[in-house]
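Have a look at the structure below before the remarks.
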Amino acid sequence: MDSSLIEGTYDTIKEKMAFIPENYRSCGAVKVGTALTIDPQQIFGQIKKYQPAPLWRLYTKSKRFYTSKPISVRIYREDDLFFAENENLVVCGTGDTADESLQDLCLHIIHFFEYYKRIDKSKLTGDALRLKELYKNLLIEE
Amino acid sequence: MNNKNETYKNAPLVETIFEIRFSEEPAIECNRDKFYEKIRDVYSKVLVPMSSEGKAMALEPYKFERNDGTNGIMLSITKMAVYCKKYEGFKLFKKEAMRIFSIFEELFKIQKLNRTGLRYINIIPFMREKNVIPIKNYLNIKIDLPKSISTNFKNLNIIFVSQTKGGSITTRIEPAISHDQTQEAIILDFDYAKEEGLNFGSINKYLDESHQHTKYLFEELITDDYKKVMRGEVI
Numbered sequence: 001m002d003s004s005l006i007e008g009t010y011d012t013i014k015e016k017m018a019f020i021p022e023n024y025r026s027c028g029a030v031k032v033g034t035a036l037t038i039d040p041q042q043i044f045g046q047i048k049k050y051q052p053a054p055l056w057r058l059y060t061k062s063k064r065f066y067t068s069k070p071i072s073v074r075i076y077r078e079d080d081l082f083f084a085e086n087e088n089l090v091v092c093g094t095g096d097t098a099d100e101s102l103q104d105l106c107l108h109i110i111h112f113f114e115y116y117k118r119i120d121k122s123k124l125t126g127d128a129l130r131l132k133e134l135y136k137n138l139l140i141e142e
Numbered sequence: 001m002n003n004k005n006e007t008y009k010n011a012p013l014v015e016t017i018f019e020i021r022f023s024e025e026p027a028i029e030c031n032r033d034k035f036y037e038k039i040r041d042v043y044s045k046v047l048v049p050m051s052s053e054g055k056a057m058a059l060e061p062y063k064f065e066r067n068d069g070t071n072g073i074m075l076s077i078t079k080m081a082v083y084c085k086k087y088e089g090f091k092l093f094k095k096e097a098m099r100i101f102s103i104f105e106e107l108f109k110i111q112k113l114n115r116t117g118l119r120y121i122n123i124i125p126f127m128r129e130k131n132v133i134p135i136k137n138y139l140n141i142k143i144d145l146p147k148s149i150s151t152n153f154k155n156l157n158i159i160f161v162s163q164t165k166g167g168s169i170t171t172r173i174e175p176a177i178s179h180d181q182t183q184e185a186i187i188l189d190f191d192y193a194k195e196e197g198l199n200f201g202s203i204n205k206y207l208d209e210s211h212q213h214t215k216y217l218f219e220e221l222i223t224d225d226y227k228k229v230m231r232g233e234v235i
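Residue numbers (the working numbering), protein chains in the order written: chain D, 1 to 142; chain H, 1 to 235.
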């Protein structure tokens, strides 16, 4: 390489640097300004009872469903086992992780959706009648 | 339903704060007891700031809280904030905030304000779908990326500051997970700030303006699907 070219490049850099003020600094991370001492992550960590989360889609290996109304799911843990539950539909899934328990719950919901779709109302009694009504049109296959 | 003034049964709001900032006022440091005397019937719990190296104690706010911890006031020589963890609508929040500010005004003759800020912190619980945060179910956010980059986000952290007619609004969206790994949530944090030409006598107006802008943004940002959840239309 031509050494005069290298020298020229260094001279150009030096010339450009002369135009950069020495007190330049990064703007830093953008922060929420009001009541800086209040940290949302800390608030979340202090919640004793979490709100259930909505579920709009259910999957199995071969089928995909979306729900006509969001299904409210509460996940909790007892020792090393996770539970995903909907009290209204009287179903609960279990697993070694939150995701596994949710998958298990989805299988239960799909199972009961198909069960109540097939079974005639005349064969049901008590809470099963309420459940048949709840499961009716709950899932729509994609 | 598209009612912009709707109050939701299951709103994700967990904390509301309105803060004013002013130039250093030593009288606050010397007369904190007088302020406390006037509010102690409601905000009886006193939380003294912890001292930490390199921080001036006078700038760290004292907290006066209700016994049940739901509402409170933060006060230092440069700022005062009213916060509420049990929000029952803007009207009630504003009424109480204005009551506190009038007590403050009686004791300390602050005229000029450097900043006002209204902050709404929301926590939205969510379930992953195939290990992905289904952000589209909750928020009307569209991120356009080149086709080679998947928008199936396993994690997402956004903060942006938008200019409005009278101030600026900072929106922060970030995920959170509980210690026991059972619950994930999206933190939706709004902060509406005003910083120019402010005076104490117009707090009422600033509070209204801040609320209107933030409420409008919230309504636009939340999807219709999640609004159903907020109304309690779930199984």
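Virtual Cβ for every residue (Gly too), placed ideally from N, Cα, C.
Predicted, not measured: the structure shown is a model, and the values here were computed from it.
Would you call the CB atoms of residue i and residue j closer than 8 Å?
i              : j              : result
V234 (chain H) : I71 (chain D)  : yes
L221 (chain H) : L139 (chain H) : yes
I187 (chain H) : F126 (chain H) : no
K85 (chain H)  : T70 (chain H)  : yes
L145 (chain H) : F18 (chain H)  : no
Y62 (chain H)  : T16 (chain H)  : no
I119 (chain D) : Q183 (chain H) : no
M80 (chain H)  : I20 (chain H)  : yes
I73 (chain H)  : Y120 (chain H) : no
C92 (chain D)  : L107 (chain D) : no
V73 (chain D)  : N88 (chain D)  : no
V46 (chain H)  : F35 (chain H)  : no
G95 (chain D)  : F82 (chain D)  : yes
L118 (chain H) : S210 (chain H) : yes
L138 (chain D) : T67 (chain D)  : yes
A128 (chain D) : L102 (chain D) : no
I77 (chain H)  : E25 (chain H)  : yes
G232 (chain H) : K9 (chain H)   : yes
Q150 (chain D) : A176 (chain H) : Because chain D here runs from 1 to 142, residue 150 (chain D) falls outside it and cannot be looked at.
W56 (chain D)  : N152 (chain H) : no
Residues of chain H with a CB under 7 Å from the CB of residue i: which are they?
i              : result
N137 (chain D) : Result: empty, since nearest Cβ-Cβ is about 11 Å, beyond 7 Å.
V73 (chain D)  : M127
L154 (chain D) : Since the first residue of chain D shown is 1 and the last is 142, residue 154 (chain D) is not available in this structure.
F65 (chain D)  : Ordered by position in chain H, no residue passes the 7 Å Cβ test against F65 (chain D), which lies about 12 Å from the chain.
Taking C-alpha atoms, which residue in the options lies nearest to residue i?
i              : options                        : result
A98 (chain D)  : D:R77, D:Y115, D:D11, D:I13    : D:R77
L107 (chain H) : H:S210, H:R21, H:I28           : H:I28
T164 (chain H) : H:R128, H:N137, H:S150, H:E195 : H:E195
R238 (chain H) : H:R66, H:N114, H:K38, H:L113   : Only positions 1 to 235 of chain H appear in this structure, which leaves residue 238 (chain H) out of reach.
A11 (chain H)  : H:G166, H:N199, H:I123         : H:I123
I109 (chain D) : D:F65, D:F82, D:S3, D:Q42      : D:F65
E100 (chain D) : D:L58, D:Q42, D:E87, D:P40     : D:L58
D92 (chain H)  : H:F160, H:A176, H:T7           : Just to set this straight, residue 92 (chain H) is Leu in the shown sequence, not Asp. Checking every option, the nearest Cα to that of L92 (chain H) belongs to H:T7.
V30 (chain D)  : H:E105, H:I159, H:K130, H:E53  : H:I159
K117 (chain D) : D:K123, D:E15, D:K136, D:L124  : D:K136
P134 (chain H) : H:K154, H:R115, H:V46          : H:K154
N199 (chain H) : H:S168, H:F22, H:K9            : H:F22
T60 (chain D)  : H:K130, H:G89, H:G201, H:S150  : H:K130
E105 (chain H) : H:D68, H:N31, H:E209           : H:N31
K49 (chain D)  : H:H179, H:S210, H:D225         : H:H179
K63 (chain D)  : D:H111, D:P52, D:P40           : D:H111
G167 (chain H) : H:K109, H:G232, H:Y87, H:R115  : H:R115
N157 (chain H) : H:K147, H:T171, H:S148, H:S150 : H:T171
F218 (chain H) : H:I141, H:E53, H:G201, H:S202  : H:I141
K89 (chain H)  : H:I177, H:L13, H:K228, H:D224  : Reading off the sequence, residue 89 (chain H) comes out as Gly, not Lys. That would be H:L13, whose Cα lies nearest to the Cα of G89 (chain H).
F101 (chain H) : H:K147, H:N204, H:Y226         : H:N204
M128 (chain H) : D:E141, D:P54, D:V90           : Going by the sequence as given, residue 128 (chain H) is Arg instead of Met. Of the listed residues, the one whose Cα sits closest to R128 (chain H) is D:P54.
Since residue i meets chain D, which of its residues come closer than 9 Å, beta carbon to beta carbon?
i              : result
N152 (chain H) : None at all; the shortest Cβ gap to chain D is about 13 Å.
Y83 (chain H)  : A35, I38
Name, please, each residue of chain H whose Cβ falls closer than 8 Å to the Cβ of residue i.
i              : result
D99 (chain D)  : R128, N131
R77 (chain D)  : D180, Q181, T182
L129 (chain D) : Per Cβ cutoff of 8 Å: no residues; L129 (chain D) is ~16 Å from chain H at best.
L134 (chain D) : I235
F112 (chain D) : Neighbours of F112 (chain D) on chain H: none; closest Cβ ~12 Å, over 8 Å.
Name the chain D residues whose beta carbon is nearer than 8 Å to that of residue i?
i              : result
N137 (chain H) : P54, W56
Who are the neighbours of residue i on chain H, taking C-beta pairs under 9 Å?
i              : result
V30 (chain D)  : I159, F160, V161, T170, R172
K69 (chain D)  : K228, E233, V234, I235
L107 (chain D) : Result: empty, since nearest Cβ-Cβ is about 15 Å, beyond 9 Å.
Y59 (chain D)  : E129, K130
Mind listing the chain D neighbours of residue i? Cutoff is C-beta to C-beta under 7 Å, in chain order.
i              : result
M57 (chain H)  : Ordered by position in chain D, no residue passes the 7 Å Cβ test against M57 (chain H), which lies about 14 Å from the chain.
A176 (chain H) : Q41, F44
Residues in the stretch 109-131 of chain H having any Cβ partner in chain D nearer than 9 Å:
R115, T116, G117, L118, R119, I121, N122, I123, I124, P125, F126, M127, R128, E129, K130, N131
If the cut-off is 8 Å on Cβ atoms, which residues from the stretch 32-43 of chain D count as contacting chain H, listed in chain order?
Going along the stretch 32-43 of chain D in chain order, one finds V32, G33, T34, A35, T37, I38, P40, Q41, I43 with a Cβ nearer than 8 Å to chain H.
Any contact of the stretch 206-215 of chain H with the stretch 173-192 of chain H, i.e. 3+ C-beta pairs under 8 Å?
yes
Quick one, which residues of the stretch 13-36 of chain H are near chain D if we go by CB-CB under 7 Å, in chain order?
V14, E15, I17, E19
Positions along the stretch 141-165 of chain H whose CB lies within less than 7 Å of some CB in chain D:
I159, V161
Short-range partners of chain D found in the stretch 212-235 of chain H, where Cβ spacing is below 9 Å
Only D225, Y226, K228, V229, E233, V234, I235 from the stretch 212-235 of chain H bring a Cβ to less than 9 Å from some Cβ of chain D.
Counting only Cβ-Cβ distances shorter than 7 Å, please list the residues of the stretch 184-215 of chain H near chain D, keeping chain order.
A185, I187, D189, D191, A193: these are the residues of the stretch 184-215 of chain H whose beta carbon lies less than 7 Å from some beta carbon of chain D, given in chain order.
Residues of the stretch 85-99 of chain D with Cβ closer than 9 Å to any Cβ of chain H, in chain order
N86, N88, L89, T97, A98, D99
Which residues, taken in chain order from the stretch 64-88 of chain H, show a beta carbon closer than 8 Å to some beta carbon of chain D?
M74, A81, Y83
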